[in-house]
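Here is the structure we will look at.
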Amino acid sequence: DAGVTQSPTHLIKTRGQQVTLRCSPKSGHDTVSWYQQALGQGPQFIFQYYEEEERQRGNFPDRFSGHQFPNYSSELNVNALLLGDSALYLCASSLQGRIYEQYFGPGTRLTVT
Amino acid sequence: AQTVTQSQPEMSVQEAETVTLSCTYDTSENNYYLFWYKQPPSRQMILVIRQEAYKQQNATENRFSVNFQKAAKSFSLKISDSQLGDTAMYFCAFMKPPNFGNEKLTFGTGTRLTIIP
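Protein chains in written order, with this note's numbering: chain E, 1 to 113; chain V, 1001 to 1117.
Structure representation (structure tokens):
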């Protein structure tokens, strides 16, 4: 049973560019949440997707957007990258009804230069 | 808004000893979930233990146990017989009870735990 997978593992982008990160949830899970973890900090909630819709959103600008596909996989898009967007981006999957059991992927390390 | 505070940025302990990590939180909710997550150098966030606020009994998972003091809004993690593999960042986290719009984790800033051989 595959756990949560994320791609790519590492990514280097230039300021102003756009980036797309991908997440495949644990088998059977239907809900995907995205978190941003800056260096030396705890993860911060970005948004959550269920039934292909954004269900809730944290305090992040509109440059951060996402999508969920019918197979429950998800993408995180960030436009107009800033140096401050450099972070580890974590994806967590869960099942509606057991939302308190969130399984995390290994993350994507994004570096903006 | 909920806040989670971990006042110990770093801790170290000899292998086989017991260590306690502290966490306090602030909320006006009566029911909620509290978690301890472990993040080793591999970066993958792993759930260590979960506590439901409505349960008075402290949660335990093998060598890991919590001391949940609801009135004091305190949630500490005790690791017994510590092992080298316990070396990691430990995050305390809070979640409101499941309801539309509630299902997000709020994390503290973490405690870096080093187990010394």
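Where is the CB? At the ideal position from N, CA and C, for every residue including glycine.
State the beta-bridge partners of V:MET1138 as determined by DSSP.
Any question about residue 1138 of chain V goes unanswered here, given that chain V covers just 1001 to 1117.
E:LEU21, enclosing beta strand (DSSP E) - first and last residue
19 to 24 is the span of the beta strand (DSSP E), which, as asked, contains E:LEU21.
In chain E, which residues lie with their C-beta within 7 angstroms of the C-beta of V:GLY1108?
Near V:GLY1108 (Cβ distances below 7 angstroms), the residues of chain E are GLY42.
When burial is assigned at 16 or more other CB atoms within 10 Å of the CB, is E:SER33 buried or exposed?
Per the 10 Å Cβ criterion, buried.
Whole-angstrom distance between V:THR1106 and V:PHE1094, CA atom to CA atom:
Between V:PHE1094 and V:THR1106, the C-alpha separation is close to 5 angstroms.
Select from the stretch 1036 to 1052 of chain V all residues with a C-beta closer than 9 angstroms to any C-beta belonging to chain E, and list them in chain order.
Listed in sequence order: TYR1037, GLN1039, SER1042, ARG1043, GLN1044, MET1045, ILE1046, LEU1047, ARG1050, GLU1052.
Backbone CA spacing between E:SER65 and V:GLU1015 [nearest angstrom]
Taking the straight line joining both Cα atoms gives about 45 angstroms.
Inter-stretch contact (C-beta, 8 angstroms, three-pair minimum) for the stretch 1076 to 1090 of chain V and the stretch 76 to 84 of chain E
The stretch 76 to 84 of chain E and the stretch 1076 to 1090 of chain V do not touch, with fewer than three beta-carbon pairs separated by less than 8 angstroms.
Could you check the C-alpha separation between V:LEU1034 and V:GLN1051 for me, to the nearest Å?
Between V:LEU1034 and V:GLN1051, the alpha-carbon positions lie close to 5 angstroms from each other.
Between the stretch 1012 to 1026 of chain V and the stretch 1064 to 1083 of chain V, do at least 3 Cβ pairs fall closer than 8 angstroms?
Contact between the stretch 1012 to 1026 of chain V and the stretch 1064 to 1083 of chain V is present: three or more C-beta pairs spanning the two stretches fall below 8 angstroms.
Going by DSSP, name the residue or residues bridged to V:ASP1026.
Partner(s): V:THR1003.
Check whether the stretch 2 to 21 of chain E touches the stretch 67 to 78 of chain E, counting contact only when three or more Cβ pairs, one atom from each stretch, lie closer than 8 angstroms.
Three or more beta-carbon pairs separated by less than 8 angstroms link the stretch 2 to 21 of chain E to the stretch 67 to 78 of chain E, which places the two stretches in contact.
E:PRO8 to V:THR1109 span [Cα, whole Å]:
Each residue's alpha carbon lies about 25 angstroms from the other.
Mapping the DSSP letters down to three states, classify V:LEU1113 as helix, strand or coil.
In the three-state reduction of the DSSP assignment, V:LEU1113 falls in the strand class.
Does E:GLU101 get closer than 9 angstroms to chain V when you measure Cβ to Cβ?
At a cut-off of 9 angstroms, the C-beta of E:GLU101 has a neighbouring C-beta in chain V.
Interface residues of the stretch 1062 to 1094 of chain V facing chain E [CB-CB below 7 angstroms]:
Listed by position, the residues of the stretch 1062 to 1094 of chain V near chain E (Cβ gap below 7 angstroms) are PHE1091.
Could you work out which residue in V:ALA1053, V:ASN1058, V:PRO1041, V:MET1045 is closest to V:TYR1032 when comparing CA atoms only?
The shortest C-alpha to C-alpha distance from V:TYR1032 to any of V:ALA1053, V:ASN1058, V:PRO1041, V:MET1045 is the one to V:ALA1053.
Consult DSSP for E:GLY66 and reduce its assignment to one of helix, strand or coil.
Residue state for E:GLY66 is assigned as strand, using DSSP reduced to three classes.
Note down, in chain order, each residue of its chain lying with its Cβ closer than 8 angstroms to the Cβ of V:SER1065, except the 5 sequence neighbours on either side.
Closer than 8 angstroms at the Cβ level, and outside the excluded window around V:SER1065, lie ILE1049, ASN1058, ALA1059, LEU1077, LYS1078, SER1080.
Measure the alpha-carbon distance for V:ALA1001 versus V:CYS1092 and round it to whole angstroms.
The straight-line gap from Cα to Cα measures roughly 16 angstroms.
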